[in-house]
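Worksheet for the structure shown next.
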Amino acid sequence: MRMAFDPTILVQYWPLFLQGAWLTIQVSVQAFLLGYTLGIAVALLGLMPGRLPRLAATSYVEVLRAIPFIIILFVIYYGLPFSGLRLPAPLVGTVALGLFASAYYAEIVRAGILALPRGQFESARAIGMSPLQAMRHIVGPQVARAIVPPSTNMTLTMIKESAVLSSITVPELTYQGLVVQGNTFAPFEVFAAVTLIYWGITIAVAGAARRLERRLGVAQARGVSRNRLAASYLLLERERAR
Amino acid sequence: MSFQFAYLAGLMPNLAVAALVNLRLSAMIIVLALIGGTALTILRSLKIRPVNALIAFLISFIRGTPLLIQIFLFYYVLPAIGLDLSPTVAGVAAIALNSSIFISETMRGALITLDPGQIEAATALSLPRHLVWAKVILPQLFRRVLPVLVNEATIVVKGTALLSVITVVDVLRTAQQIASASYRPFETLIGAALVFLAINLTISLLGRRIEGRFAVQRA
């Protein structure tokens, strides 16, 4: 049993952690772009008139959301060579992560569009806005306000899910952590470092999203003033004085 | 090589047996997480400053790091500080802790939708604090968070697939073992995917049924 924290391991291996973290960020950004593009396409497909497009969109979303990401990843990673296509693991991992996220983004976009009161676009056109102006000033901001908070949540989930790419040897942060762990047998130091880096990344993304939300004017938490008695049960934090 | 449906059909019984492992672990985790999440919520409502600060730190940590890393922490790090857990116990503990935190956060959101008048009424009847929770708040709270709990159950089921990485022999690991013997990874992994698809679609369907029944009761 070893209790002492040995920082020399981190000093010695920091380039690996840095490379891993950088790849995690790159993979996440690419998967986000791919996932959101696909998500919008699937959402629009689901909103098209007719039963078939809607069925296709619903099946896509339901199937991808019911299967663990690690299995989606393995099916694609081992299935592609099966059909004669050999691609590098980081590419396969990024595409799989994007596909996985696209199912959730599709639901978010769909709900955001459906939440828009009917006739907003037509009203904007009626008071003389061009279609572009109507999208930019009336419809766009309202949809954005509805979809940014859940999209942030999903993006954080996706970044965290990228750790699973380590299991198909994509040398991202978790993989590098396991490599260092195999070399040093110092799990405490290694996982402390890996954990802190993930935590830093997610906190940074969450902070950026909060700033975006404030700019878009997403409704702040309702400051329902409650009586002290009810608050002693129904609120889990002390109310901050303003 | 071509995709062989006969081979896929042949291995489904094996995978179904392995699925019992995922189902059993998931059931344990969900029960633990529901108890843990409820206890955390009640504890937080007491607003003891150092306790809540500690819980806030834990929430930020659990929400800010991958579940896979949390599983590794329980599996690799706890033995290093003298607590040797079997892969199954470490995995169940890691996912249950993760899920407790998410359930407690859901409950936090649902609590403020309850009617404060009921708390006043209960207190006016001099109901002791534990009975206000047990008789007034929790029954309504559980009903309100039920849709999220159903969703959380599917997340837990998916989470158990990660336990294959720390050598728990579940559906995924069984599929991998079969694949490494037969050199047919595509069919076996599709089989594993179908197992999870069946489990989670069933949970969603049951969840919608139960919600429907509650809605009728409330009306």
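So the sequence lines, in the order shown, correspond to chains A and B.
Anchor point for the first sequence: position 51 equals 47 in our numbering, and the numbering is continuous, going up by one each time.
Counting from 1 along the second sequence, just add 4 to a position and that's the residue number in our numbering.
Note that beta-carbon positions come from the ideal geometry of N, C-alpha and C, so glycine has one too.
Let me make sure I understand the geometry here. Which of B:E191, B:V199 and B:L210 has the alpha-carbon closest to that of Y74 (chain A)? By one-based count along the first sequence, residue 74 (chain A) stands at place 78. With distances taken between Cα atoms, Y74 (chain A) lies closest to B:E191.
Whose C-beta lies closer than 6 Å to the C-beta of S24 (chain A) among residues of the same chain, with five residues either side of it excluded? Position 28 of the first sequence, counted from the start, is the residue given in the question as residue 24 (chain A). Only I155 and S158 meet the Cβ criterion.
Closest residue to S208 (chain B) among B:E156, B:P189 and B:V169 (Cα-Cα distance): As a working note, residue 208 (chain B) is residue 204 in the second sequence. Closest option to S208 (chain B), Cα to Cα, is B:E156.
Taking 8 Å as the threshold (C-beta atoms), are I68 (chain A) and A92 (chain A) in contact? Within the first sequence, numbered from 1, the residue matching residue 92 (chain A) stands at position 96. Within the first sequence, numbered from 1, the residue matching residue 68 (chain A) stands at position 72. Yes, the pair counts as a contact, with Cβ atoms nearer than the cut-off.
Should N179 (chain A) be labelled buried (16 or more other beta-carbon atoms within 10 Å of its own) or exposed? To locate residue 179 (chain A), count along the first sequence from 1; it is residue 183. By the neighbour-count rule (16 or more Cβ atoms within 10 Å), N179 (chain A) is not buried but exposed.
Contact belief for E215 (chain B) with P151 (chain B) at Cβ below 8 Å, rounded distance in angstroms: Taking the second sequence and counting its residues from 1, one reaches residue 215 (chain B) at position 211. Taking the second sequence and counting its residues from 1, one reaches residue 151 (chain B) at position 147. 6 Å between Cβ atoms; contact.
With a CB to CB cut of under 6 Å and the five nearest residues on each side skipped, what residues in its chain are close to I134 (chain A)? Start at 1 with the first residue of the first sequence, and residue 134 (chain A) comes out as number 138. Only Q116 and A120 meet the Cβ criterion.
Can you tell me the Cα-Cα spacing of I116 (chain B) and S104 (chain B), whole angstroms? For the purposes of this step, residue 116 (chain B) is taken as residue 112 along the second sequence, with counting starting at 1. For the purposes of this step, residue 104 (chain B) is taken as residue 100 along the second sequence, with counting starting at 1. Near 19 Å, if we compare the C-alpha coordinates of S104 (chain B) and I116 (chain B).
Take L43 (chain A) and list the residues in its own chain whose beta-carbon comes closer than 7 Å to its own, dropping the five residues that flank it on each side. The residue labelled residue 43 (chain A) in the question sits at position 47 within the first sequence. Hits under 7 Å: R106 and I109.
Give a yes or no on contact between the region 135 to 154 of chain A and the region 3 to 11 of chain A, applying the rule of three or more CB pairs nearer than 8 Å. no
Counting only beta-carbon atoms, is A184 (chain A) nearer than 8 Å to chain B? In the first sequence, the residue the question calls residue 184 (chain A) occupies position 188. The question names Ala, but residue 184 (chain A) in the sequence shown is Phe. Yes, because at least one Cβ of chain B sits closer than 8 Å to the Cβ of F184 (chain A).
Report the neighbours of F9 (chain B) on chain A: residues whose CB is nearer than 9 Å to its CB, in chain order. The residue given as residue 9 (chain B) occupies position 5 in the second sequence. Under the 9 Å cutoff, chain A gives no residues; its nearest Cβ is about 14 Å from F9 (chain B).
Is any beta-carbon of chain B found at less than 8 Å from that of V105 (chain A)? Here the question's residue 105 (chain A) lines up with position 109 in the first sequence. No, no contact with chain B.
Hey, out of A:Y229, A:M125 and A:D2, whose CA is closest to E124 (chain B)'s CA? Stepping through the second sequence from its first residue, residue 124 (chain B) is reached at position 120. Looking at the Cα atoms, A:Y229 is the closest of the given residues.
Residue-level contact to chain B via CB, N223 (chain A), 8 Å cutoff: For the purposes of this step, residue 223 (chain A) is taken as residue 227 along the first sequence, with counting starting at 1. With a threshold of 8 Å between beta carbons, N223 (chain A) makes contact with chain B.
Below 8 Å on the Cβ atoms is my contact criterion, and I expect L201 (chain B) with A62 (chain A) to pass it. Report the Cβ-Cβ distance as a whole number of Å. For the purposes of this step, residue 201 (chain B) is identified with residue 197 of the second sequence, where counting begins at 1. For the purposes of this step, residue 62 (chain A) is identified with residue 66 of the first sequence, where counting begins at 1. Right, their Cβ atoms sit about 5 Å apart.
Is V81 (chain B) near P45 (chain A), with beta carbons less than 8 Å apart? One-based indexing of the second sequence puts residue 81 (chain B) at position 77. One-based indexing of the first sequence puts residue 45 (chain A) at position 49. Against a cut-off of 8 Å, the Cβ pair of P45 (chain A) and V81 (chain B) comes out as no contact.
Does the beta-carbon of A204 (chain A) have 16 or more other beta-carbons within 10 angstroms, so that it is buried, or is it exposed? Translated into the one-based positions of the first sequence, residue 204 (chain A) becomes position 208. So A204 (chain A) ends up on the exposed side.
8 Å Cβ cutoff met for N204 (chain B) and V161 (chain B): Position 200 of the second sequence holds residue 204 (chain B). Position 157 of the second sequence holds residue 161 (chain B). Contact flag set, yes.
Just to confirm before moving on: does the CB-CB distance between V214 (chain A) and V139 (chain A) stay below 8 Å? Counted from its first residue, the first sequence places residue 214 (chain A) at position 218. Counted from its first residue, the first sequence places residue 139 (chain A) at position 143. No, the pair does not count as a contact, with Cβ atoms beyond the cut-off.
Taking CB distances under 8 Å as the criterion, tell me whether V139 (chain A) reaches chain B. In the first sequence, residue 139 (chain A) corresponds to position 143, counting from 1. No, V139 (chain A) does not count as interfacial toward chain B.
What alpha helix (DSSP H) runs, 4 residues minimum, are completely inside the region 13 to 74 of chain A? 47 to 62
Does Y187 (chain B) get closer than 8 Å to chain A when you measure Cβ to Cβ? As a position in the second sequence, residue 187 (chain B) is number 183, starting the count at 1. For Y187 (chain B), not one C-beta of chain A is nearer than 8 Å to its own C-beta.
Does the beta carbon of E233 (chain A) come closer than 8 Å to any beta carbon on chain B? Here residue 233 (chain A) refers to the residue found at position 237 when the first sequence is read from its first residue. Put simply, the CB of E233 (chain A) is near chain B, with a gap under 8 Å to one of its CB atoms.
Nearest candidate by alpha-carbon position, reference A31 (chain B), set B:V154, B:Y187 and B:A185: The residue labelled residue 31 (chain B) in the question sits at position 27 within the second sequence. Checked all of B:V154, B:Y187 and B:A185; the closest Cα to A31 (chain B) is B:V154.
Cβ contact (3+ pairs, closer than 8 Å) linking the region 29 to 47 of chain B and the region 177 to 195 of chain B: no
Quick one: is Q22 (chain A) buried, meaning 16 or more other Cβ sit within 10 Å of its Cβ, or exposed? For the purposes of this step, residue 22 (chain A) is taken as residue 26 along the first sequence, with counting starting at 1. When all chains shown are included, Q22 (chain A) counts as exposed.
Are V88 (chain A) and I164 (chain A) close, meaning C-beta to C-beta below 8 Å? The residue given as residue 88 (chain A) occupies position 92 in the first sequence. The residue given as residue 164 (chain A) occupies position 168 in the first sequence. Against a cut-off of 8 Å, the Cβ pair of I164 (chain A) and V88 (chain A) comes out as a contact.
Cα-Cα separation, I182 (chain B) to F70 (chain A): Numbered from 1 along the second sequence, position 178 holds the residue referred to as residue 182 (chain B). Numbered from 1 along the first sequence, position 74 holds the residue referred to as residue 70 (chain A). Between I182 (chain B) and F70 (chain A), the C-alpha separation is close to 14 Å.
Where do the N-terminal and C-terminal ends of the alpha helix (DSSP H) with N155 (chain B) fall, by residue? For the purposes of this step, residue 155 (chain B) is identified with residue 151 of the second sequence, where counting begins at 1. Unbroken alpha helix (DSSP H) run through N155 (chain B): L142 to T164.
Spell out a yes or no on whether the region 15 to 29 of chain B and the region 186 to 198 of chain A are touching, meaning 3 or more CB-CB pairs, one atom from each, closer than 8 Å. no
Chain A residues whose Cβ lies nearer than 8 Å to that of A165 (chain B): Residue numbering aside, residue 165 (chain B) sits at position 161 when the second sequence is read from its first letter. Near A165 (chain B) (Cβ distances below 8 Å), the residues of chain A are P64, I66 and I67.
DSSP state of Y100 (chain A) mapped onto helix, strand, coil: Position 104 of the first sequence, counted from the start, is the residue given in the question as residue 100 (chain A). In the structure shown, Y100 (chain A) falls within a helical segment according to DSSP collapsed to helix, strand and coil.
Whole-angstrom distance between E209 (chain A) and I72 (chain A), CA atom to CA atom: As a first step, residue 72 (chain A) is located in the first sequence; it is residue number 76 there, counting from the start. As a first step, residue 209 (chain A) is located in the first sequence; it is residue number 213 there, counting from the start. So the two alpha carbons sit approximately 35 Å from each other.
If contacts are defined as beta-carbon pairs under 8 Å, then E168 (chain A) and D2 (chain A) qualify, I think. What distance do you get, rounded to the angstrom? Taking the first residue of the first sequence as position 1, residue 168 (chain A) is located at position 172. Taking the first residue of the first sequence as position 1, residue 2 (chain A) is located at position 6. Rounded, the Cβ-Cβ distance is 24 Å, inconsistent with contact.
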